[in-house]
Amino acid sequence: MSGRLSLEVTELRIRIPVLSSMLVLAFVAACTDSDEDTPPPTGCAVPETLCWDFEEGTLPTGWTAYRDEFSGQLLVDDSRAHKGKYALHAKGLVGGKEGSQGGPKKTIRFDLPSGFGPVMWGRAYVYTTPARPVSHAGLFNARYPRPGKTGGAIDTLDWYEVATYQQKYMSIWHPPEPPGFPEWVQVSDTPLVLDEWTCLEWLFDGDNGTHPEAADPRVWLNGVELAWPEQFVFSDPPTTVPPVKEKVSHFTVMEAGVFLYQGLSVPTDWWIDELAVGKQRIGCGPD
Ligand SMILES: [Ca+2]
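Counted from 1, the sequence shown has number 40 at position 40 by full-length UniProt numbering; the numbering is strictly sequential.
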């Protein structure tokens, strides 16, 4: 009996590490599955993802104040959250006139870790009230050095942007700002959703395989990819020549908050929660 028992214990000791290894492998497989036919994993379960839930109740480490124009505030508060108690709150933004350049801008910026790479998936929950701005309202952007450069000040960087414009979702590829144009603009046929939480996802594919230029930005609303029936070049003075979307080596800086390029006469609030960026799709499911 004692010999058999000893053997069983030995078998058990062998099986436990084998089982543990299998579980770890299954977990890794689930987290690295980039097949778009299967639901993507969510939140910071995805390897190499950076996530901010704002539950510190104050600006998270590494984020610094960036733009601050016209009236309103950008703060972390407990007035509305998608999850937990706190979110990033662009509060009471107002200023300037619709149709005229210059509007309220309240943003924060974050320097990405070196070696982030040329592909950025992002995800944020966004709540907007009480009205849809007609003016260009940026929500998130990510920037990268021009070809041949490895760093540099923010005003030397190419960038991708997620925004709304004429009350609909919009995405843009920009050369360095200022002036930020000629820019490649894509306007969706989907109205900005008011008075409820929405899940916005984006893909900035600056690698784009063997294509000579970086890919157009792609955006999903509550898991459904947006279409861009309106695509055009914006520049001042106007041009019809599209910009060359320079390829990305590494994204280096990102900006979040709300930045209006024209005026906003209705005081408007936005909340942003569970912001995340990474090299793989993050998704909208429960974290
Ligand atoms: Ca939160």
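Beta carbons are placed, not taken as given, at the ideal position from N, Cα and C, and that holds for glycine.
Here DSSP, grouped into helix, strand and coil, assigns residue 284 to coil. Under the three-state reduction of DSSP output, residue 49 falls in the coil class, being neither helix nor strand. DSSP, reduced to helix, strand and coil, places residue 61 outside both helices and strands of the structure shown, so it counts as coil. In the structure shown, residue 207 falls within a coil segment according to DSSP collapsed to helix, strand and coil. Residue 128 sits in a strand when the DSSP states are folded into three classes. As summarised for the region 175-232, the continuous beta strand (DSSP E) elements at least 3 residues long and confined to that stretch are 183-191, 198-205, 218-221, given in chain order. Of the residues 97, 258, 187, the one whose Cα lies closest to the Cα of residue 218 is 187.
Taking 9 Å as the cut-off, the Cβ atoms of residue 245 and residue 116 do not count as close. In the three-state DSSP reduction, residue 155 falls in the helix class (H, G or I).
At a threshold of 8 Å, residue 85 counts as near ligand 1, since its beta carbon sits closer than that to one of the ligand's heavy atoms.
Fewer than three pairs of CB atoms, one per stretch, sit closer than 8 Å, so the region 205-216 makes no contact with the region 255-275.
In the DSSP annotation of this structure, the continuous segment of the beta strand (DSSP E) that includes residue 144 starts and ends at 137-144.
Its Cα nearest to that of residue 142, the residue 121 stands out among 129, 67, 121, 231. Here the distance from the Cβ of residue 269 to the nearest heavy atom of ligand 1 is not below 8 Å.
Counting along the chain, no beta strand (DSSP E) covers residue 118, and no H or E run does either. Its chain contains 263 as the residues whose beta carbon lies nearer than 6 Å to that of residue 97, once the 5 sequence neighbours on both sides are disregarded; these appear in chain order.
The Cβ neighbour count for residue 229, taken over all protein chains shown within 10 Å, is under 16; the residue is labelled exposed.
Between the alpha carbons of residue 47 and residue 239 lies a gap of roughly 42 Å. Residue range 87-95 is occupied by the beta strand (DSSP E) that includes residue 94. Residue environment for residue 232: exposed (fewer than 16 other C-beta atoms within 10 angstroms of its C-beta).
When the alpha-carbon of residue 220 is set against those of 74, 163, 75, 51, the nearest one is in 163.
Using a Cβ distance threshold of 9 Å, residue 195 and residue 127 count as a contacting pair. Comparing alpha-carbon positions, the option among 200, 84, 104, 237 lying closest to residue 182 turns out to be 237. Around the beta-carbon of residue 283, 16 or more other beta-carbon atoms lie within 10 Å, marking it buried. In terms of Cα proximity to residue 202, the closest of 102, 227, 58 is 227. Sequence-distant partners of residue 268 (beyond 5 residues in either direction) whose C-beta falls short of 6 Å from its own C-beta, in its chain, are 93.
Here residue 149 is exposed: its Cβ has fewer than 16 other Cβ atoms, across all protein chains shown, within 10 Å. If you draw a straight line from the Cα of residue 251 to the Cα of residue 112, it comes to about 7 Å.
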